[in-house]
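Contents: one structure, followed by commentary.
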Amino acid sequence: MEHELWITAPFNRFLSAPANAFLNMVGVRAEDPTHPWANWLAIEIVVVLLTIVLFAFLRSRLSVDRPSKLQHCFELTYEFLRAQAEEVVGHGSRRYLAYFGTVFFFVLFMNLIGIIPTLESPTMFLEVPCGLAVATFIYYNATGLKANGAFGYIKQFLGPMLWLAPVMLPIEIVSHFARPLSLTIRLYANMFAGEQVTNTFLTLVPYFIPSLFMALHVFVSFLQAYIFALLAMIYVGTAVAHEH
Amino acid sequence: MKNKLAILGTGLVAMASPMFAQGNAASGTPDYRLPAAYIAMGIASGLCGLGQAKAVASSAEAMARNPGATAAIRFALILGLVLIESLALYTLVITFVAK
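If you're matching them up, the sequences are chains Z and W in order. Per my numbering, the very first residue in the first sequence carries number 128; after that it's consecutive. Per my numbering, the very first residue in the second sequence carries number 4; after that it's consecutive.
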């Protein structure tokens, strides 16, 4: 594998045996058995741990009469996501809000951790957005099946009128499979291109200009996290829509 | 004007022959993958720019006509811009795959 970061080194030193055992269990052999952990996987786990610590810290500081600044910040974000979900999904949005919020914060923190100089965004590697997109695909299909029943959900694929079904079904199936593909590539390409552009300008003008591109990368990180969550909401919204 | 553009276009294309002086993929045939990737990316970015310009122009006009609906129009604008952007990014990914 390519150059190992300082943050992957503890994973490879202490946890390489469980990683190799797990890979053997699924029949895959690591390219370099002394370094089975990929950079993106180690940073992903670090992001999860940091998110848990952050939210635990927030939870301990929650107060009704004297909210802290952190609480204000998260209240704003929660209200924004809740209003957006209600607008897109309709009146049953409360139970899906957990997934949307999780995806939003996870993608946001993973994107942002790449700004720190010696770390890189896990979303820059194709595996991570692919995993998130597959999870979203499974989630919206599962919610659609649960809300409409199996037969009711399949009926959505058949189009507005029954005699159109042989035409509509392949179109719907292809467009449904295009959704995780587009989610993956959108997130991956935005993050990867942002890093490449910053690196290119670092080789050209090493002084002030790359920081402008890092600022652009921050903006794009927020936007892409929001768009991922929004598209997840739209897919869940169309899946659980009841034909009245 | 059209005559000048035709001459300019022909001159540019004629000057572009050094781009075939890269490594050969198969023996004898020139390797078109890299120039094709560059041209594809140029076309994708150009058309994406046109599409996004149209989206921004119509949303700016709508916000000027109806300032009360600014939030809804801005939401549609951001969503539309990101979806159009992703079309150009698909081409970028193919550029890396085709290397």
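We put the CB at the ideal spot given by N, CA and C, even for glycine.
Rounded Cβ spacing between tyrosine 280/Z and glycine 286/Z (contact assumed at less than 8 Å) | As a first step, residue 280/Z is located in the first sequence; it is residue number 153 there, counting from the start. As a first step, residue 286/Z is located in the first sequence; it is residue number 159 there, counting from the start. Not quite, the Cβ-Cβ distance comes to about 14 Å (not below 8 Å), so this is no contact.
Give the single residue among Thr13/W, Asp34/W, Leu92/W, Leu84/W whose Cα lies nearest to the Cα of lysine 118/W.
-> Limits of chain W in this structure are 4 at one end and 102 at the other, which puts residue 118/W out of reach.
With 7 Å as the limit, tell me which residues of the segment 312 to 326 of chain Z have their beta carbon closer than that to any beta carbon of chain W; keep them in chain order.
-> Ile312, Arg313, Ala316, Asn317, Ala320
Residue-level contact to chain W via CB, isoleucine 393/Z, 8 Å cutoff = Given a span of 128 to 371 for chain Z in the structure shown, any question on residue 393/Z remains unanswerable.
Which value, in whole angstroms, describes the spacing of the CA atoms of asparagine 139/Z and phenylalanine 78/W?
-> Against the first sequence, residue 139/Z aligns to sequence position 12. Against the second sequence, residue 78/W aligns to sequence position 75. The alpha-carbon atoms of asparagine 139/Z and phenylalanine 78/W are separated by roughly 44 Å.
Looking at chain Z, which residues of the segment 38 to 68 of chain W have a Cβ within less than 7 Å of any of its Cβ atoms?
-> none
Does the segment 296 to 316 of chain Z come close enough to the segment 259 to 279 of chain Z to have 3 or more Cβ pairs within less than 8 Å?
-> yes
Got a sec: is the Cβ-Cβ distance from valine 100/W to anything in chain Z below 8 Å?
-> To locate residue 100/W, count along the second sequence from 1; it is residue 97. Taking Cβ atoms only, chain Z never reaches closer than 8 Å to valine 100/W, which makes this a no.
Which of the three DSSP states, helix, strand or coil, is assigned to proline 163/Z?
-> If you number the first sequence from 1, residue 163/Z lands on position 36. Three-state result, proline 163/Z: coil.
Contacts that leucine 168/Z makes with chain W (C-beta to C-beta distance below 9 Å) | Position 41 of the first sequence holds residue 168/Z. Per Cβ cutoff of 9 Å: no residues; leucine 168/Z is ~22 Å from chain W at best.
Would you kindly work out how many angstroms separate the C-alpha atoms of asparagine 27/W and phenylalanine 319/Z, rounded to a whole number?
-> Start at 1 with the first residue of the second sequence, and residue 27/W comes out as number 24. Start at 1 with the first residue of the first sequence, and residue 319/Z comes out as number 192. With a pLDDT of 49 at asparagine 27/W, under the threshold of 50, the predicted position of this residue should be treated as unreliable, though the coordinate-derived value follows. One C-alpha to the other measures close to 28 Å.
Leucine 132/Z: which of Val175/Z, Thr229/Z, Glu247/Z sits nearest, CA to CA?
-> The count along the first sequence starts at 1 and reaches residue 132/Z at position 5. Comparing Cα-Cα distances from leucine 132/Z to each of Val175/Z, Thr229/Z, Glu247/Z, the minimum goes to Glu247/Z.
Report the rounded CA-to-CA distance for histidine 369/Z versus threonine 325/Z, giving the unit in angstroms.
-> As a first step, residue 369/Z must be located in the first sequence, where it is residue number 242. As a first step, residue 325/Z must be located in the first sequence, where it is residue number 198. Roughly 46 Å separates the two Cα atoms.
May I ask you to report which of helix, strand or coil DSSP gives alanine 316/Z?
-> Within the first sequence, the letter at position 189 stands for residue 316/Z. Correct three-state label for alanine 316/Z: helix.
In chain order, each beta strand (DSSP E) run of at least 3 residues that lies wholly inside the segment 242 to 305 of chain Z = none
Span separating the alpha-carbon of alanine 165/Z from that of isoleucine 312/Z | In the first sequence, the residue the question calls residue 165/Z occupies position 38. In the first sequence, the residue the question calls residue 312/Z occupies position 185. Spanning the two alpha carbons is a distance of roughly 20 Å.
Same chain, Cβ closer than 8 Å to glycine 219/Z, five either side skipped, listed in chain order | On the first sequence, position 92 is the one that residue 219/Z refers to. Within the same chain, glycine 219/Z has close Cβ partners Ala274, Val367.
Classify tyrosine 35/W as helix, strand or coil using the three-state DSSP reduction.
-> If you number the second sequence from 1, residue 35/W lands on position 32. DSSP places tyrosine 35/W in coil when its eight states are reduced to three.
Among Glu299/Z, Leu310/Z, Ala277/Z, the one whose alpha carbon lies nearest that of leucine 253/Z = Within the first sequence, the letter at position 126 stands for residue 253/Z. Checked all of Glu299/Z, Leu310/Z, Ala277/Z; the closest Cα to leucine 253/Z is Leu310/Z.
Assign histidine 130/Z to one of three DSSP states: helix, strand, or coil.
-> Numbered from 1 along the first sequence, position 3 holds the residue referred to as residue 130/Z. DSSP places histidine 130/Z in coil when its eight states are reduced to three.
If we ignore side chains and look at the alpha-carbon of each, how far apart do valine 216/Z and alanine 72/W end up?
-> Here residue 216/Z corresponds to residue number 89 of the first sequence, with the count starting at 1. Here residue 72/W corresponds to residue number 69 of the second sequence, with the count starting at 1. Near 21 Å, if we compare the C-alpha coordinates of alanine 72/W and valine 216/Z.
Apart from the five residues just before and just after alanine 91/W, which ones in its own chain have a Cβ nearer than 6 Å to its Cβ?
-> Working through the second sequence from its first residue, we reach residue 91/W at position 88. Excluding positions up to five away in sequence, the list reads Ala47, Ser48, Cys51.
Would you list, in chain order, the members of the segment 291 to 310 of chain Z that have their beta-carbon closer than 7 Å to a beta-carbon of chain W?
-> Ser309
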